[in-house]
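A.B. asks:
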Amino acid sequence: MRKVGIIGLGHVGATLAYTLVTENLVDELVLIDKDEKLAISEQYDLLDAQVFLTGKTTIIIQDYQALRDASVIVFCAGQISALGDDGDRFKELEITSKIVEDTAPQIKQSGFDGIIVTITNPCDVIAAYMQKLTGFETNKVFGTGTMLDTARMKQAVSRNLAIDSRNVGGYVYGEHGDSQFVAWSSVTVGDRPLLSWNRELDLETLDEDVRAGGWNAFAGKGYTSYGIATCAARLIRMILNDSKTIVPVSAYNKQADVYYGQPVVIGKNGIESFVDCPLTDKENDSLTCSIEIIKNGLANLPFKP
Numbered sequence: 012m013r014k015v016g017i018i019g020l021g022h023v024g025a026t027l028a029y030t031l032v033t034e035n036l037v038d039e040l041v042l043i044d045k046d047e048k049l050a051i052s053e054q055y056d057l058l059d060a061q062v063f064l065t066g067k068t069t070i071i072i073q074d075y076q077a078l079r080d081a082s083v084i085v086f087c088a089g090q091i092s093a094l095g096d097d098g099d100r101f102k103e104l105e106i107t108s109k110i111v112e113d114t115a116p117q118i119k120q121s122g123f124d125g126i127i128v129t130i131t132n133p134c135d136v137i138a139a140y141m142q143k144l145t146g147f148e149t150n151k152v153f154g155t156g157t158m159l160d161t162a163r164m165k166q167a168v169s170r171n172l173a174i175d176s177r178n179v180g181g182y183v184y185g186e187h188g189d190s191q192f193v194a195w196s197s198v199t200v201g202d203r204p205l206l207s208w209n210r211e212l213d214l215e216t217l218d219e220d221v222r223a224g225g226w227n228a229f230a231g232k233g234y235t236s237y238g239i240a241t242c243a244a245r246l247i248r249m250i251l252n253d254s255k256t257i258v259p260v261s262a263y264n265k266q267a268d269v270y271y272g273q274p275v276v277i278g279k280n281g282i283e284s285f286v287d288c289p290l291t292d293k294e295n296d297s298l299t300c301s302i303e304i305i306k307n308g309l310a311n312l313p314f315k316p
């Protein structure tokens, strides 16, 4: 049975729930939120939508014990108003860390033994904190990390070269935040190195386009949801289908002793293996800086991962 839980039914959680139901990706869906009235409303709304669909999803609400036999939990609880005008995701940590402290014990008590995917910001720090407080193996807890940022990189390259974004390969590394960077040395278009298409490309401008992508989506409505919910839905599909797909997520790197965005293989066990892509000296310097920023965020937690 394909069973998934979503904790946090804000814009992202609700969009993810709708996606899972309308695409018939799950047989049972457990929805949990601190606002019970919201959970009830989402349940009714999704049940109404199913009248027009070919598939059927059983929807359970506000029951941590129902997570016991779920394959995946997506943690996306948070408070977008804590983000602040400057977009600093670390300003959310005071609130989101407390939500993890409340949620992790309830996940453990439920007997859940599946995969936890975290979306809540600051993504890399929260993934580490959730792993610490649940005690799960690191391969079974990871964040969406730079998966969405990588999609934004592909969009930026696509716009500049007038080529379908699905023909662009490569990854964004590091923090899901301002210190992230594109490993341009390994970006390809149609299996050819990016710069072989156009050596006049301004990579610094493209970098800024990638970083600005999220804020462009955020600016007019005060949140983003479609892109990140689609990332989470795709990760769920990878886990349920044991697809062994390479994708960049926030994963625990033993050598660095921290979670950060990097390419891994995703399957039924969560992170199945790591993909070692050579970085240039400049890219390695960028990664070192990004890792330090994440570690500084971890230092502010009451329980050190």
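Mapped onto this note's numbering, the consecutive letters of the sequence shown carry residue numbers 12 to 316.
By construction, the Cβ of each residue, glycine as well, lies at the ideal position given by its N, Cα and C atoms.
Everything numeric in this text was worked out from a predicted model, so none of it was measured.
1. Let's test the definition: count the other Cβ atoms within 10 Å of the Cβ of Thr155 and tell me whether it reaches 16, buried, or not, exposed.
2. Can you name the residues that DSSP bridges to Ile72?
3. Any idea which residues DSSP pairs Phe285 with across the strands?
4. By how many angstroms is the C-alpha of Ser261 removed from the C-alpha of Cys300?
5. Please classify Gln191 as buried or exposed, where buried requires at least 16 other C-beta atoms within 10 Å of its C-beta.
6. According to DSSP, which residues form a beta bridge with Ala262?
7. Using the rule of at least 16 other Cβ atoms within 10 Å of the residue's Cβ for burial, across every protein chain shown, is Phe63 buried or exposed?
8. Anyone know if the C-beta pair for Ile247 and Val41 falls short of 8 Å?
9. Let me check understanding here. Comparing Cα to Cα, which of Ser169, Pro133 and Asp268 lies closest to Gly188?
10. Taking Thr114 as the reference, give the member of Thr65, Val269, Gly89 and Lys102 with the closest Cα.
11. Rounding to the nearest angstrom, what Cα-Cα distance links Val23 and Tyr237 in this structure?
12. So what's Pro313 in DSSP terms, helix, strand or just coil?
13. Mind checking if Leu172 is an interface residue toward chain D, Cβ cutoff 8 Å exclusive?
14. Here's the rule: buried if 16 or more other CB atoms are within 10 angstroms of the residue's CB, otherwise exposed. What is Thr107?
15. Do you know how far the Cα of Gly122 is from the Cα of Glu219?
16. Taking only the alpha-carbon atoms, compute the straight-line gap between Asn209 and Lys45 and give it to the nearest angstrom.
17. With DSSP as the reference, please indicate the residues paired to Phe86 in a beta bridge.
18. Would Ile91 and Gly21 be called neighbours here (beta carbons separated by less than 8 Å)?
19. Lys165: which of Gly19, Gly224 and Gly233 sits nearest, CA to CA?
20. If we call anything under 8 Å between Cβ atoms a contact, is Leu78 one with Gly308?
21. Does DSSP put Gly24 in a helix, a strand or coil?
22. What number of angstroms, rounded off, separates the C-alpha of Ile250 from the C-alpha of Lys119?
23. Among Ile305, Thr69, Asp80 and Ser196, whose alpha-carbon lies nearest the alpha-carbon of Ala267?
24. In terms of alpha-carbon separation, which member of Tyr263, Leu290 and Pro289 lies closest to Gly281?
C.D. replies: In short, the structure shows the following:
1. It counts as buried.
2. Answer by DSSP bridge pairing, in chain order: Leu42.
3. Answer by DSSP bridge pairing, in chain order: Val275.
4. Straight-line Cα distance between these residues: approximately 16 Å.
5. Burial call: buried.
6. According to DSSP, which records beta bridges pairwise, Ala262 is partnered with Tyr271.
7. Flag for Phe63 reads exposed.
8. In this structure, Val41 does not lie closer than 8 Å to Ile247 by Cβ.
9. Ranking Ser169, Pro133 and Asp268 by Cα distance to Gly188 puts Pro133 first.
10. Sorting Thr65, Val269, Gly89 and Lys102 by C-alpha distance to the C-alpha of Thr114 places Gly89 at the top.
11. Looking at the two C-alpha atoms, the distance is approximately 7 Å.
12. The answer is coil: DSSP assigns Pro313 none of H, G, I, E or B.
13. Of the protein chains in this structure there is only one, and it is not chain D.
14. When all chains shown are included, Thr107 counts as buried.
15. Those two C-alpha atoms are separated by around 44 Å.
16. Spanning the two alpha carbons is a distance of roughly 51 Å.
17. Residue pairing of Phe86 in beta bridges, as defined by DSSP: Ile18 and Thr129.
18. A contact, by the Cβ cut-off of 8 Å.
19. When only C-alpha atoms are compared, the closest one is Gly224.
20. No, the Cβ-Cβ distance between Leu78 and Gly308 is not below 8 Å.
21. Correct three-state label for Gly24: helix.
22. Taking the straight line joining both Cα atoms gives about 20 Å.
23. Nearest C-alpha to Ala267: Ile305.
24. Ranked by how close their Cα comes to the Cα of Gly281, the residues Tyr263, Leu290 and Pro289 have Tyr263 in first place.
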